[in-house]
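Participant:
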Amino acid sequence: MGTIRLTTAQALIKFLNQQYLYVDGKEFPFVEGIFNVFGHGNVLGIGQALEQDPGHLRVIQGKNEQGMAHAAMAYSKQMLRQKIYAVTTSVGPGAANLAAAAGTALANNIPVLLLPADTFASRQPDPVLQQVEQEYSASVTTNDALKPVSRYWDRITRPEQLMTSLIRAFEVMTDPGKAGPATICISQDVEVEAFDFEEAFFERRVHYLDRKLPTERELMGAAELIKASKKPLIIVGGGAKYSEARDILIALSEKHDIPLVETQAGKSTVESTFKNNLGGMGITGTLAANKAARQADLIIGIGTRYTDFTTSSKTAFNFESTKFLNINVSRLQAYKLDAFQVVADARTTLEQLSPMLEGYKSEFGNVITELKEQWLAERDRLGKVTFSRESFNPEIKGQFRQEVLNEYAEALNTEFAQTAALITINDTIAPDSVIIGSAGSLPGDLQRLWQSTVPNTYHLEYGYSCMGYEVSGTLGLKLAHPDKEVYSMVGDGSFLMLHSEFITAIQYNHKINILLFDNSGFGCISNLQMEHGSGSYFCEFRTHDNRIMNIDYAKVAEGYGAKAYRANTVDELKAALEDAKKQSVSTLIEMKVLPKTMTDGYDAWWHVGVAEVSEQENVQKAFEAKQQKLQTAKQY
C-alpha cells in the first residue's frame, strides 16, 4: 500500500475534500467549506494547507470565532444536517470563543466540525502565547473547556492520530441519532509535522445516512395506541423536518383528523396554511395548540426533545389521562415522558404506520377548524393593536407605568408595537424568504404569529436560545440559499451581543437583511422580572444620568457599507422592505418599538426560580403562585 508524505494539516484538508454523504439515492460532498480566523496556532498549519490546495472547499474569513461558528451551524441546520462547514481557530481566546457556539450546536443536535489549534505537544516552548497553566496538570489547555459542549472531542498530539480521530468525528456528525459538534484540537507543532499517510486514507469515503426502520413490535404498539385513542395530537419537532416528513404528516392528519402542533425547530416542516396545523406548542405557542393539547389523550412526539417551552414546564398535558408515543432516531429522546418508544426515522415510521391505521378517525372533528379560526382571528387583532402617548393600550405587559412608556415613546420617537411590525414583515416579504431568530421576546412572537407558507423557511435556534446567533446565522442561511432573500429577526440586545458576521456578509457580497427591533433594553428578561414581582432592574439601556439610550443602528450599518433604513410606522416599514428587496448589498432596517408590546403566554406556564423569601409583596405572591402550579406538573 502506497503512502503520501504530508503535514498533518495538509492531510486534514485532503481528507475533508473526500467526504461524501449518501441520502435517499443522492450522493454529494458533505463538507462545503471552512471558516477561519487565523492566528499563531493555525495560520502556519491549516492556513498553509488551505493556501496550497483547498480543493473544492470554500474558504471564508470570519470576524469572530463564535460568530463564524454560528454561521456554520445555521448552514448545517438549514441544509437539514446534510452538509457542513468546518471552523478553524487559533489557540487560547480563539478556541475559547467557540464554547457558546459549540453549546448551541450540541443543544440543537447540529453537526459542525470545530478545529481549534492547541498548545505544543512537545511542551518544549511552554508556556506559549495564549496558553493557560494549571498546577494540577500540564496537559490542560483552553480546549478542555470544549469537552462538555462537544458530541465528540479529541486532541491530536501525533500526526497518525488524525486518521482514527477524523473517522470517528465523521461517524458522529453523520449519525442522525447523535449528530452534534465534533471538536478536533490539533497541537500547533503537530499541524506542521510531516508523516507518511496511507493513500487509502484519502480515498473517496461515503457516509450513508440510512433511514432507521421501525421494528414490527414498535409499529404494532404505535398503531394500537393511536387506534385506542380518541383525541391524538402530533407534535412536529425538528426531527420531523430533518426527516423531510411533510407529505406523510399532512396525509395522516387529513385522513385521521389528527391536529398538528409545532416546536420551534419543527415549525415550517408543514406550512402554516395547512388546515390542521394549529401552530406553536407550549410557552411560546398559540392558544389553539395549547387548547388542543389539554384535550388530547395521546401525544405523538415526532422528533422532539420535549423542552420546557414545548411542555409548558410539564403542565401542558393532562397526565392523569394522557399517554405518550415518541418517534425519534435518538433512544434518549424517545424515552422522554415515559412514552412508548419507536426508535426510528420519522418519515419511514409514519409511512409504515399509515396502512395500519386504515378506518381510524379521531374525535377532534370540527374542533380543529374552530380552534384554528379562533387563533387566526386573534392574530389579526394583534396586528391591528396600536398605541398612543396619550392613552396606552391596557394590554401592556407587566407593571410598566404609563409615565415610563411615555418616556420610551419620547426617547425613541415611536409608538410602534412589536406585534404590528412583525405581522407587517410577514405580509410584505416574499413567501419563499427564509427568516432566522434565536433569543429575546421575538421567538415567542414568531412562533405564534409567523405564517410560514413555504416549507423550511422558518429557522429558529431555540435549543440554546443563544443571543448573537441571529445575525451570524443569517450568513449561514444565505450560503444555503444564495438565490433567496434571508432575514434576521433580532432585538437590539442580541445585536449588541454579536453581529460580527454582518461584516463578513458584506465583505463577500452575500446579501442578508437585518430586521432590528430596538426597544432599548433586554425586554424579554424585563418581562420575566416584572411578571414575577420584581421591577425592571438593569434590563433597560439607560445612561449614567438615567436617560433611555437611543442608538442610531442605521448609522452603524451604513458605516459597515450596508444599505440602512429607519422605520417606525407600518407604512415606513412596508416601504423599507420593498426597497430592500431591490438592493444587491446587505441591508438593515431599524425599527424603534415600544417595550411590552410583544405577545404574552396563551394558556401556558414557565417554571422559573422565584425567591422563596422576599420583602416585596409581589414577589411573595409570585412564589405562592409557582408552588400551586407545581402541584400539577409531572415530576419526571
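So for the sequence shown, our numbering puts the first residue at -2; every next one is plus one.
Glycine residues also receive a C-beta, built at the ideal position from the N, C-alpha and C atoms.
In this structure, does DSSP put glutamine 338 in helix, strand or coil?
Facilitator: Working through the sequence shown from its first residue, we reach residue 338 at position 341. Strand.
Participant: Which first and last residues belong to the beta strand (DSSP E) in which serine 485 is found?
Facilitator: By one-based count along the sequence shown, residue 485 stands at place 488. Serine 485 -> beta strand (DSSP E) spans 483 to 488.
Participant: Helix or strand or just coil, what does DSSP make of glutamine 580?
Facilitator: In the sequence shown, counting from the first residue as 1, residue 580 sits at position 583. If DSSP states are grouped into helix, strand and coil, glutamine 580 belongs with coil.
Participant: Would you identify the three-state DSSP class for tryptophan 447, choosing helix, strand or coil?
Facilitator: On the sequence shown, residue 447 is found 450 positions in, with the first residue counted as 1. Of the three classes helix, strand and coil, the one that applies to tryptophan 447 here is coil, per DSSP.
Participant: With distances taken between CB atoms, is the gap from asparagine 547 to leucine 409 smaller than 8 Å?
Facilitator: As a first step, residue 547 is located in the sequence shown; it is residue number 550 there, counting from the start. As a first step, residue 409 is located in the sequence shown; it is residue number 412 there, counting from the start. Their beta carbons are under 8 Å apart, which means asparagine 547 touches leucine 409 by this criterion.
Participant: Check whether the stretch 471 to 481 and the stretch 409 to 420 touch, using three or more Cβ-Cβ pairs below 8 Å as the test.
Facilitator: The answer is no - the stretch 409 to 420 does not touch the stretch 471 to 481, with fewer than three Cβ pairs under 8 Å.
Participant: For lysine 264, is the classification buried or exposed, using 16 other Cβ atoms within 10 angstroms of its Cβ as the cut-off for buried?
Facilitator: As a position in the sequence shown, residue 264 is number 267, starting the count at 1. Buried, by the Cβ-count rule.
Participant: Report the rounded CA-to-CA distance for leucine 585 versus tryptophan 150, giving the unit in angstroms.
Facilitator: Residue mapping note: residue 585 aligns to position 588 of the sequence shown, counting from 1. Residue mapping note: residue 150 aligns to position 153 of the sequence shown, counting from 1. So the two alpha carbons sit approximately 38 Å from each other.
Participant: Of the choices Asn39, Gly276, Trp602, whose alpha-carbon is the least far from that of threonine 366?
Facilitator: Here residue 366 refers to the residue found at position 369 when the sequence shown is read from its first residue. The shortest Cα separation from threonine 366 among Asn39, Gly276, Trp602 belongs to Gly276.
Participant: Leucine 54 to histidine 253, Cα distance in whole Å?
Facilitator: Indexing the sequence shown from 1 puts residue 54 at position 57. Indexing the sequence shown from 1 puts residue 253 at position 256. If I take the Cα positions, the gap works out to 47 Å.
Participant: Pop quiz: leucine 249 and phenylalanine 413 are said to be a contact at Cβ under 8 Å. What is the actual Cβ separation, rounded to whole angstroms?
Facilitator: Position 252 of the sequence shown holds residue 249. Position 416 of the sequence shown holds residue 413. Not confirmed; about 42 Å, so no contact.
Participant: Specify whether the stretch 328 to 337 and the stretch 294 to 306 touch according to this definition: at least 3 beta carbon pairs, one from each stretch, less than 8 Å apart.
Facilitator: yes
Participant: Using a Cβ distance threshold of 8 Å, determine whether the stretch 104 to 123 contacts the stretch 85 to 95, with at least three qualifying pairs required.
Facilitator: Touching, yes, given that three or more Cβ pairs across the two stretches are closer than 8 Å.
Participant: According to DSSP, simplified to helix, strand and coil, what is proline 592?
Facilitator: Sequence index remark: in the sequence shown, residue 592 carries index 595 (1-based). Proline 592: coil per DSSP, three-state reduction.
Participant: Give the straight-line distance between the Cα atoms of glycine 235 and histidine 456, rounded to the nearest whole angstrom.
Facilitator: Locating residue 235 in the sequence shown gives position 238, counting from the first residue. Locating residue 456 in the sequence shown gives position 459, counting from the first residue. Glycine 235 and histidine 456: Cα-Cα distance of roughly 10 Å.
Participant: Is it right to say asparagine 543 is buried, meaning 16 or more other beta carbons lie within 10 angstroms of its own, or is it exposed?
Facilitator: Reading the sequence shown from its first residue, position 546 is the one you call residue 543. Exposed is the call here.
Participant: For phenylalanine 27, count the other beta carbons within 10 Å of its own beta carbon; 16 or more makes it buried, fewer makes it exposed. Which is it?
Facilitator: Working through the sequence shown from its first residue, we reach residue 27 at position 30. So phenylalanine 27 ends up on the buried side.
Participant: Alpha carbon to alpha carbon, how far is asparagine 363 from alanine 290?
Facilitator: For the purposes of this step, residue 363 is taken as the residue at position 366 of the sequence shown. For the purposes of this step, residue 290 is taken as the residue at position 293 of the sequence shown. The straight-line gap from Cα to Cα measures roughly 16 Å.
Participant: So, is glycine 530 buried or exposed, given that buried needs 16 or more other C-beta atoms within 10 angstroms?
Facilitator: Counting from one through the sequence shown, the residue named residue 530 turns up at place 533. Result: buried.
Participant: Under the assumption that alanine 46 contacts glutamine 7 (Cβ atoms under 8 Å), give the Cβ distance between them as a whole number of angstroms.
Facilitator: Your numbering for residue 46 matches position 49 in the sequence shown. Your numbering for residue 7 matches position 10 in the sequence shown. About 4 Å; that satisfies the 8 Å criterion.
Participant: Report the rounded CA-to-CA distance for isoleucine 511 versus valine 487, giving the unit in angstroms.
Facilitator: In the sequence shown, the residue the question calls residue 511 occupies position 514. In the sequence shown, the residue the question calls residue 487 occupies position 490. When rounded, the distance between both Cα atoms is 7 Å.
Participant: To the nearest angstrom, how far is it from the Cα of asparagine 615 to the Cα of glutamate 467?
Facilitator: As a first step, residue 615 must be located in the sequence shown, where it is residue number 618. As a first step, residue 467 must be located in the sequence shown, where it is residue number 470. Taking the straight line from one Cα to the other gives about 34 Å.
Participant: Can you find the residues in the same chain that come closer than 6 Å, C-beta to C-beta, to lysine 224, ignoring five residues on each side of it along the sequence?
Facilitator: Stepping through the sequence shown from its first residue, residue 224 is reached at position 227. For lysine 224, the CB contacts under 6 Å within the same chain, skipping 5 residues up- and downstream, are Tyr357 in chain order.
Participant: What span of residues does the alpha helix (DSSP H) with glutamine 399 cover, start to end?
Facilitator: Residue numbering aside, residue 399 sits at position 402 when the sequence shown is read from its first letter. Residues 399 to 409.
Participant: Do you know how far the Cα of tyrosine 484 is from the Cα of arginine 208?
Facilitator: Against the sequence shown, residue 208 aligns to sequence position 211. Against the sequence shown, residue 484 aligns to sequence position 487. Computed Cα separation, rounded: 32 Å.
Participant: Quick check on proline 229: does DSSP put it in helix, strand or coil?
Facilitator: Counting from 1 along the sequence shown, the entry for residue 229 is found at position 232. DSSP places proline 229 in strand when its eight states are reduced to three.
Participant: Count Cβ pairs between the stretch 437 to 451 and the stretch 575 to 585 that sit closer than 8 Å; are there 3 or more?
Facilitator: no
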